Amino acid sequence: ADYGNSRIQKWLSGPSNGITVAGQASGISGSNATDLQHPAGILVDSTGNIYIADTNNHRIQFWAQGALSGVTIAGTGFMGVNNNELEFPYFLALNENTKTLYISDYDNNRIMSYASGASVGTVAAGGNGFGTSYTQLEYPVGLYFDSLTNSLVVANSAAHNIVRWILGDNSWTQVVGISGIQGNSSSLLNLPMGVTFDPMGNMYVADAYNHRIQFFLSDQSEGRTIAGITSSPGMNDIQLNTPYSIRLDNQLNLYVVDLGNHRVKKFLRY
Numbered sequence: 001a002d003y004g005n006s007r008i009q010k011w012l013s014g015p016s017n018g019i020t021v022a023g024q025a026s027g028i029s030g031s032n033a034t035d036l037q038h039p040a041g042i043l044v045d046s047t048g049n050i051y052i053a054d055t056n057n058h059r060i061q062f063w064a065q066g067a068l069s070g071v072t073i074a075g076t077g078f079m080g081v082n083n084n085e086l087e088f089p090y091f092l093a094l095n096e097n098t099k100t101l102y103i104s105d106y107d108n109n110r111i112m113s114y115a116s117g118a119s120v121g122t123v124a125a126g127g128n129g130f131g132t133s134y135t136q137l138e139y140p141v142g143l144y145f146d147s148l149t150n151s152l153v154v155a156n157s158a159a160h161n162i163v164r165w166i167l168g169d170n171s172w173t174q175v176v177g178i179s180g181i182q183g184n185s186s187s188l189l190n191l192p193m194g195v196t197f198d199p200m201g202n203m204y205v206a207d208a209y210n211h212r213i214q215f216f217l218s219d220q221s222e223g224r225t226i227a228g229i230t231s232s233p234g235m236n237d238i239q240l241n242t243p244y245s246i247r248l249d250n251q252l253n254l255y256v257v258d259l260g261n262h263r264v265k266k267f268l269r270y
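For the sequence shown, the UniProt record's numbering assigns the number 1 to the initial residue and increments by one for each residue that follows.
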């Protein structure tokens, strides 16, 4: 998701130039079906279709593989607090079995759930105002759907923690960090933005304002820095500057959206 250029770029393995697969290659933003306006997050399903958090258009666009335009599947294009509206959606997660889509509705401090084909969502997590209590979220960003526990793991960015919200429950349990407390020790976070898991249940966190990627063994709350240097932003090969989003490939190589450096970094399997 090339946020500043309002487009989605695809990079094949090897080439130094990307291909625009959604939005305008020129970088011009807009609100038409062929346009995007500062998309913050994407996901690609098992058949190659792209779901795009079209952040500043307050909508989610579905871009079928090879399509020249998108279809709005959530949001109205205008910010709002109703269940058919979004306000700066950031990241997405998908239940591949049911095609239920989960959206981090950033400014509404909630996670919205949209069943396949639905025009109105339901609140899956948060929605109780801005705050650090167990029933609230504070600017949620990264999302991971855990099919084994039927839960969402949320990078609760401004509360500086990662939380698990079992679907159907009315509160979260803390995974790592301490709600409302920022820090740079092995057990604390500072504006976590991205979260993902490997098949063994180990967790990876983009710890944005600590400029590092933290690795947590399954069920452990003490992390190890596996990329970047804690509290030392920079642009050399061993540094990161505000890492934002993370993904693993099927060999468990790690890809990091290094936001402050306008690049994507690849780190070999840890």
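The C-beta atom is built at its ideal place from N, Cα and C for all residues, glycine as well.
Quantities reported herein were computed from a predicted structural model and do not represent experimental measurements.
The beta carbon of Asn5 is closer than 7 Å to those of Gly27 in its chain, skipping five residues each way along the sequence. Bounds of the beta strand (DSSP E) holding Val71 are Val71 to Gly75.
Boundaries for Ile181: no beta strand (DSSP E) harbours it, and the DSSP string shows neither H nor E there. Taking each of Gln9, Leu240 and Pro15 in turn and checking the Cα distance to Gln24, the smallest one comes out for Gln9. Residue pairing of Tyr114 in beta bridges, as defined by DSSP: Leu101. Its chain contains Met235, Leu240 and Asn241 as the residues whose beta carbon lies nearer than 8 Å to that of Asn261, once the 5 sequence neighbours on both sides are disregarded; these appear in chain order. Selection Phe88, Leu167, Ser186 and Ile50 evaluated against Thr225 yields Ser186 as nearest (Cα-Cα). The segment 90 to 105 and the segment 113 to 133 touch, with three or more beta-carbon pairs separated by less than 8 Å. Excluding the 5 residues flanking it on each side, Val44 has same chain C-beta neighbours closer than 7 Å at Ile50, in chain order. Ranking Gly180, Met200 and Tyr144 by CA distance to the CA of Asn95 puts Tyr144 first. In the structure shown, Asp107 adopts helical secondary structure according to DSSP, grouped into three states.
Measuring C-alpha to C-alpha distances from Ala22 to each of Gln65, Gly14, Asp219 and Asn57 identifies Gln65 as the nearest.
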